[in-house]
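Note sheet for the following structure.
Numbering (our numbering), first residue to last: 2 to 311.
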């Protein structure tokens with residue numbers, strides 16, 4: 002959940018453009034696939050293809066959830082939400098995770114029914130070609146969603162990418178099951194169950210990441226080390242001993258709190274100057290607001306340390 006950090010703020014205009022592009026591709030792609038699958042289903046008389054077409058159209062809903070969550074998350078801070086509305090992204094991510102669980106449950110049910118009811122589905126050539134052509138389209142949509150999600154660090158869009166991939170995986174299972182079913186009975190259902198478990202695992206991982214961010218997760222070892230190195234490197238003459246580093250992630254706004262140790266011979270003004278400069282350096286370098294608490298060195302550790310250059 003946005004554990005990355007950079008020296009400059011994200012370009013909001015480019016980020017908005019990238020998100021709109023990803024959602025537009027998802028919506029248009031799913032609408033076009035719906036039309037192609039539905040027509041193929043009607044012409045071939047395949048009820049299964051027609052049902053799959055409506056499932057593809059339902060994918061538009063998750064894309065709408067993602068863009069709505071993104072819009073709410075970008076609202077400026079107000080009196081009731083002084084740290085912004087960034088955690089709306091977590092809400093939209095969780096909703097997409099619910100859809101992934103629903104898709105997994107649907108595949109699991111279909112797979113079990115095909116095995117226990119000895120169901121065999123027969124596809125015509127038109128239906129097979131429609132399914133085959135939908136695979137690269139849906140996987141392409143998934144890859145584009147993953148690319149943009151990584152670029153702008155958006156977990157909801159990443160989850161939506163997995164929703165696109167679930168469609169591609171289901172189509173792969175159908176194509177694999179058609180020839181294999183002739184020699185290995187129940188293979189089509191077994192493949193559906195396997196894919197349902199994969200999608201459920203992705204949904205579970207999505208929920209774990211979201212719940213961890215909501216509960217308040219510890220800073221990564223990388224971030225902790227970078228903050229420690231920055232503090233020590235800013236005032237190398239002082240043994241600041243940065244500790245108790247805490248990270249507060251509001252998605253669009255991040256804060257870090259930490260303690261440092263300063264010699265007792267420094268004045269209050271000097272100690273304040275050290276803390277203020279460190280806060281400024283951390284903000285400029287990592288785009289993270291810092292709050293630093295000063296602790297005095299134990300009496301027996303007092304030493305003749307030169308005044309810091311603030």
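Glycine included, each C-beta is placed from N, C-alpha and C at the ideal position.
Residues in its own chain within less than 8 Å of residue 13 by CB, not counting five upstream and five downstream? Contacts found: 75.
Under 7 Å between C-beta atoms of residue 253 and residue 87: Judged by their CB atoms, residue 253 and residue 87 are nearer to each other than the 7 Å cut-off.
N-terminal and C-terminal residue of the alpha helix (DSSP H) that residue 136 is part of: That run of the alpha helix (DSSP H) goes 126–153.
Three-way DSSP call (helix, strand, coil) for residue 298 in this model: In the three-state scheme derived from DSSP, where H, G and I count as helix and E and B as strand, residue 298 is classed as coil.
Once DSSP output is grouped into helix, strand and coil, what is the label at residue 8? At residue 8, the pLDDT of 40 sits below 50, so the modelled position is not reliable and the matter cannot be decided from this model.
DSSP-derived helix/strand/coil call for residue 209: Note: residue 209 maps to helix in three-state DSSP.
Backbone CA spacing between residue 265 and residue 298 [nearest angstrom]: Straight across, the Cα-Cα distance linking residue 265 with residue 298 is about 6 Å.
Could you give the DSSP three-state label for residue 51: helix, strand or coil? The answer is helix: DSSP assigns residue 51 an H, G or I state.
Can the beta-carbon of residue 64 be found closer than 7 Å to that of residue 27? Contact annotation: residue 64 and residue 27 have beta-carbon atoms nearer than 7 Å.
Give the straight-line distance between the Cα atoms of residue 104 and residue 197, rounded to the nearest whole angstrom. In this structure, the CA atom of residue 104 is about 7 Å from the CA atom of residue 197.
Status (buried if at least 16 other CB within 10 Å, exposed otherwise) for residue 212: Residue 212 is exposed by the Cβ-count criterion.
Sequence-distant residues of the same chain with beta carbon closer than 7 Å to residue 37, five excluded per side: Around residue 37: 131.
Since I believe residue 242 is in contact with residue 228 (beta carbons under 8 Å), could you give me their beta-carbon distance rounded to a whole number of angstroms? No, residue 228 and residue 242 are not in contact; Cβ-Cβ is about 13 Å, not under 8 Å.
Report, in whole angstroms, the separation of the C-beta atoms of residue 19 and residue 175, which I expect to be a contact under 8 Å. With a Cβ gap of about 33 Å, residue 19 and residue 175 do not count as contacting.
Where does the unbroken alpha helix (DSSP H) through residue 255 begin, and where does it stop? Segment 255–263 is the beta strand (DSSP E) holding residue 255; no alpha helix (DSSP H) there.
Sort 281, 108, 135 by Cα distance to residue 194 and report the nearest one. When only C-alpha atoms are compared, the closest one is 108.
Whole-angstrom distance between residue 72 and residue 8, CA atom to CA atom: Model confidence at residue 8 stands at a pLDDT of 40, short of 50, so the residue's coordinates are unreliable; what they give is reported in the following sentence. The straight-line gap from Cα to Cα measures roughly 24 Å.
Exposure label - residue 83; buried when at least 16 CB within 10 Å: In this structure residue 83 is exposed. Its beta-carbon is surrounded by fewer than 16 other beta-carbon atoms within 10 angstroms.
Counting only C-beta atoms, is residue 130 closer than 7 Å to chain D at any point? The structure shown contains no chain D; it is built from a single protein chain.
May I have the straight-line CA-CA distance separating residue 166 from residue 16, to the nearest angstrom? Our two residues, residue 166 and residue 16, have alpha carbons roughly 23 Å apart in a direct line.
Assign residue 220 to buried or exposed, taking buried as 16 or more other Cβ atoms, counted over all protein chains shown, within 10 Å of its Cβ. So residue 220 counts as buried.
Given a cut-off of 7 Å, decide if residue 190 and residue 115 are closer than it, judged by their beta-carbon atoms. Yes, the pair counts as a contact, with Cβ atoms nearer than the cut-off.
Assign residue 249 to one of three DSSP states: helix, strand, or coil. When DSSP states are grouped into helix, strand and coil, residue 249 belongs to the strand group.
Could you check whether residue 23 and residue 146 sit closer than 7 Å to each other, using their CB atoms as the reference points? Yes, the pair counts as a contact, with Cβ atoms nearer than the cut-off.
Return the residue from the list 177, 171, 152, 139 that minimises the CA-CA distance to residue 162. Comparing alpha-carbon positions, the option among 177, 171, 152, 139 lying closest to residue 162 turns out to be 139.
Going by DSSP, what residue range makes up the alpha helix (DSSP H) through residue 84? From DSSP, residue 84 is part of no alpha helix (DSSP H); its letter is neither H nor E.
Are the beta-carbon atoms of residue 291 and residue 283 separated by less than 7 Å? Against a cut-off of 7 Å, the Cβ pair of residue 283 and residue 291 comes out as a contact.
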